[in-house]
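S.K.: Numbering (the numbering used here), first residue to last: 1 to 87.
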């Protein structure tokens, strides 16, 4: 797990599994957030960035690295990485 490397940047995990939110809360440097929307991948990433901004975790100029899978409705293993600069 990435948290075992003790990164300087926080790790935010969005999941629709409440049990996973509880389990990840025990991991070092991980903030798990319940999220169950499944629109387009771009909408999901935009929505999650907005959630993090609203909660004070992100500010303009921050860089966000998102990982996920596409197509989203198939729930495949991670096969996508997107880097976004927060505006």
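Virtual Cβ for every residue (Gly too), placed ideally from N, Cα, C.
Please report the residue range of the beta strand (DSSP E) in which residue 66 lies.
M.R.: 63-68
S.K.: Leaving out five residues on either side along the sequence, give the residues of the same chain with a beta carbon under 6 angstroms from the beta carbon of residue 20.
M.R.: none
S.K.: For a test of the three-state rule: what should DSSP assign to residue 11, helix, strand or coil?
M.R.: strand
S.K.: Compute the distance between the beta-carbons of residue 58 and residue 67, then report whether it is under 7 angstroms.
M.R.: no
S.K.: Does DSSP put residue 30 in a helix, a strand or coil?
M.R.: Under the three-state reduction of DSSP, residue 30 is assigned to strand.
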